[in-house]
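Novice:
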């Protein structure tokens, strides 16, 4: 779960950079994770968590306070296609 939390932090930083670069008014941003534990941490007060997790949660919360975090199942997560051992010849036939 810690690695998934670090991925959420990386996503939060990436979204911040993209939004600043676009220089547009984006009304809604929805971020997805397939880790229910990471999402539970993100929705918790950082001071109630252990230091490593709490520090990252605090940063995620500050970067994404106006955005929504939602769960996506691992089977529907396009980021997990490669980690599931998909054959490269099957990649061209995937509907994303």
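Numbering (mature numbering (1 follows the signal peptide of the UniProt record, and there is no 0)), first residue to last: -20 to -1, 1 to 76. Where a beta carbon is used, it is the ideal one built from N, C-alpha and C, also for glycine. Owing to the predicted nature of the structure, the values given are computational and were not obtained by experimental measurement.
Measure how close the beta-carbons of residue 20 and residue -16 come, nearest whole angstrom, since I'm counting them as under 8 Å.
Specialist: Walking along the chain shown from the start, residue 20 turns up at place 40. Walking along the chain shown from the start, residue -16 turns up at place 5. Incorrect: roughly 10 Å between the Cβ atoms, too far for contact.
Novice: Quick check on residue 27: does DSSP put it in helix, strand or coil?
Specialist: As a working mapping, residue 27 is identified with position 47 in the chain shown. Helix.
Novice: Please state whether the Cβ-Cβ distance between residue 43 and residue -8 is less than 8 Å.
Specialist: Locating residue 43 in the chain shown gives position 63, counting from the first residue. Locating residue -8 in the chain shown gives position 13, counting from the first residue. Cβ distance < 8 Å, so residue 43 and residue -8 count as in contact.
Novice: Under three-state DSSP, which class holds residue 15?
Specialist: Locating residue 15 in the chain shown gives position 35, where the first residue counts as 1. In this structure, residue 15 counts as coil in the three-state DSSP scheme.
Novice: Enumerate in chain order the residues of its own chain whose CB-to-CB distance from residue 33 is below 6 Å, with the five nearest sequence positions on each side excluded.
Specialist: The residue you call residue 33 lines up with position 53 of the chain shown. Closer than 6 Å at the Cβ level, and outside the excluded window around residue 33, lie 21.
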